[in-house]
Amino acid sequence: MAEPRKIIDLNAPAGGAEGRVPPQAVDIEAAVLGSMLIEKESIAKAVEVLDDTAFYKPAHALIFRAIIALFEKAEPVDLITLTEELRRRGDLEKIGGEYYLTELTSKVTSAANVEFHAHIVLEKALMRQLIASSAEVIQRAYSETEDALGLLDQAEAKIFDISEQRMKKSFVTMGNAVHKTMAMLESIHGSHSGVTGVPSGFTDLDNLTGGFQYSDLIIVAGRPSQGKTALVLSLARNAAVLHDVPIGFFSLEMSVQQLVMRLMCAEARVDAHKVRTGRLPEDEWKKLSVSVGRLYKTKIFIDDTPGLGILELRAKSRRLKAEHNVGLIIVDYLQLMQGPRNAQSREQEISAISRSLKGLAKELSIPVIALSQLNRAVEARTDKRPALADLRESGAIEQDADVVIFVHRPEVYGIDTV
-2 MAEPRKIIDL NAPAGGAEGR VPPQAVDIEA AVLGSMLIEK ESIAKAVEVL
48 DDTAFYKPAH ALIFRAIIAL FEKAEPVDLI TLTEELRRRG DLEKIGGEYY
98 LTELTSKVTS AANVEFHAHI VLEKALMRQL IASSAEVIQR AYSETEDALG
148 LLDQAEAKIF DISEQRMKKS FVTMGNAVHK TMAMLESIHG SHSGVTGVPS
198 GFTDLDNLTG GFQYSDLIIV AGRPSQGKTA LVLSLARNAA VLHDVPIGFF
248 SLEMSVQQLV MRLMCAEARV DAHKVRTGRL PEDEWKKLSV SVGRLYKTKI
298 FIDDTPGLGI LELRAKSRRL KAEHNVGLII VDYLQLMQGP RNAQSREQEI
348 SAISRSLKGL AKELSIPVIA LSQLNRAVEA RTDKRPALAD LRESGAIEQD
398 ADVVIFVHRP EVYGIDTV
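Start counting the sequence shown at -2; every next residue gets the next number (our numbering).
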C-alpha cells in the first residue's frame, strides 16, 4: 500500500483574510465518515470523490485514512476494527477517542446521501485550495525578484491542477447510453453520405475517416515546410464555407492577417506569392475581392496569442463552445504551446498538453486537430517517409491521438514520384 500523503495545511487564514474562517463543512464531513462506517458501499462511493486532503478537520482526515486502510486490506470496517486501526497508528487519542467515533455513527441514520455530501466536502476543499494558491501568488507578486511571466505560468498551472480535480465523471447507465447511441445511429442512417463527423472536404479522406469524429484528437504531423498549415487551413475553409461549421483556430505561429490572407488566396484560387509581392493581375484581384464576401460570412474564430498556455486554450475553447457552438478546434501547433509549469522535462510538458487536448475534445464533444512537428530522424531515411515513432518530443502524442495524418511531399527532398 502506498504511503499516506502528507496533509497540506490549507486551513490557515490566507493573506489578506486574517480572522476569516476558510470554507468548510465539518458536520457534512462527519456525515460522510458516519455513512462509510454504517454501510460498506458508501466507502467506494466516497473514494470516487474524495481523498484525505479534502477534509478540513485534521481528525476527519486521520479517520478517513484509517477507513481506507481497512478497506484496501478487505477487512471489515466498523467501530471495533476502526478503533483498533487508529490505536495501531497512534491516532486514536488525536481524533478524540472511541467516544468521537461513536458520535459519528449516532448522527447518521442513512447512507443514502453520501455522494451528495462528498461533493459538498470536495467543493469546500477546492475553495480552500483556491484561497491558498491565490494567497501564495499574491505574496510572491509583491516580491521584486519574481519574473512576472514565470509567476503567471505557475499561477495558471496551479489553477489548472485544481480544475482537473473537479472533472471526475460518474458512470452512465446502460439505458441512457443505449438511448444516446441509438439517436446517433439513426442520424447516421438518415444521412446516407457516409460522413458522420465534421467533413474535411477531401473525398478520399472522408471515406477513410467518415469525417472528423466528435471527441477525437486528430494529429497532423510533418517536417517544416511540408504544408501542414496549408492543409488545416483547407480543412477549416471546407468545413466553414461548404458546411457552415463554426471553427476555433488557435495560431501560435502565424498572425491573424497571415492566416486570413492564405484563406482568401485559397478561396479565390490565386497565387499567394503574387498577392504578397503586389504582383497580382487585375482580373485575379477581382476574384480575390469576391472571395472576401464568402469568407466574411463564415464562423472562423482566430486567436493568434503567442505561447498560449493549455489552461487558457481550454478556457477560450469552452467559451467558444458556449457562445458560438464551435464544431471544430484547430491548434497550430502543439510544440509552441506552454504546458504545466511543474513539468520536469519537455517530454512531460508535451505529454500534458497532448493529454489535455484529448480531454478537451472529449469534454466539448468536438474534434480537435493539432499540428505537430516530426523529429529529424525521418530525414535520415532513404525514402523520407514519416512514421509514428517520429512524432517529436513525446510518445504520448501517439497514444492520445485517435487519428494521425502525415503530410509528406517527396519532391521537397528531390525524390521522383513518377
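Just so it is clear, CB atoms sit at the ideal spot from N, CA and C, and this is done for glycine as well.
Residue of the options minimising C-alpha distance to residue i
i: Ile156; options: Ala129, Ile297, Tyr139, Ala145; result: Ala129
i: Gln332; options: Leu385, Gly306, Glu281; result: Gly306
i: Glu133; options: Leu149, Lys121, Glu120, Ala122; result: Leu149
i: Glu72; options: Ser103, Ala109, Ile40; result: Ile40
i: Leu123; options: Asp158, Arg273, Leu89, Val18; result: Asp158
i: Ile215; options: Glu26, Leu249, Gln396, Ser32; result: Gln396
i: Glu346; options: Ala63, Gly336, Leu354, Val44; result: Gly336
i: Val238; options: Trp282, Arg291, Asp203, Met258; result: Arg291
i: Pro20; options: Ala269, Asn322, Arg316, Gln126; result: Gln126
i: Asp300; options: Leu310, Ala265, Lys37; result: Leu310
i: Met251; options: Glu264, Pro303, Val46, Glu81; result: Pro303
i: Leu388; options: Ser353, Glu344, Arg85; result: Glu344
i: Ile326; options: Gly356, Pro278, Glu264, Ser342; result: Gly356
i: Val323; options: Met334, Pro364, Lys294; result: Pro364
i: Ala152; options: Gln255, Ser131, Tyr97; result: Ser131
C-beta atoms of residue i and residue j nearer than 9 Å
i: Val401; j: Ala227; result: no
i: Pro383; j: Leu368; result: no
i: Thr99; j: Leu76; result: yes
i: Phe247; j: Ala233; result: no
i: Pro243; j: Phe199; result: no
i: Ala28; j: Val105; result: yes
i: Thr80; j: Glu90; result: no
i: Ala108; j: Met33; result: yes
i: Val195; j: His240; result: yes
Supposed close pair residue i, residue j - CB separation, criterion 8 Å
i: His57; j: Leu30; result: 6 Å
i: Ser288; j: Met261; result: 5 Å
i: Ile92; j: Ile60; result: 6 Å
i: Val272; j: Lys284; result: Actually they are not in contact, since the Cβ atoms of Val272 and Lys284 sit about 11 Å apart, beyond 8 Å.
i: Val404; j: Gly224; result: 5 Å
i: Ser351; j: Ala393; result: 5 Å
i: Asp399; j: Asp213; result: 4 Å
i: His321; j: Lys296; result: 6 Å
i: Ser314; j: Tyr211; result: That pair is no contact at about 14 Å.
i: Glu112; j: Val192; result: So it is not a contact: roughly 40 Å between Cβ atoms.
Delimiting residues of the alpha helix (DSSP H) encompassing residue i
i: Val217; result: Note, Val217: premise wrong, no alpha helix (DSSP H); beta strand (DSSP E) at 214 to 219.
i: Gly224; result: Counting along the chain, Gly224 falls outside any alpha helix (DSSP H), and DSSP gives it neither H nor E.
i: Gly304; result: Element bounds for Gly304: n/a, residue is neither H nor E.
i: Gly207; result: Counting along the chain, Gly207 falls outside any alpha helix (DSSP H), and DSSP gives it neither H nor E.
i: Lys37; result: 37 to 46
i: Arg137; result: 111 to 138
i: Gly290; result: 279 to 293
i: Val253; result: 253 to 265
Segment limits, beta strand (DSSP E) that includes residue i
i: Ala367; result: 365 to 370
i: Asp329; result: 325 to 329
i: Val400; result: 400 to 403
i: Ile244; result: 244 to 248
Proximity test, residue i beta-carbon vs the ligand GTP heavy atom, cut-off 8 Å
i: Ile60; result: The model on display carries no ligand, and the ligand GTP is accordingly not part of it.
*asked:* Closer than 8 Å is the cut-off here; do at least three beta carbon pairs connect the stretch 105 to 122 with the stretch 38 to 54?
replied: yes
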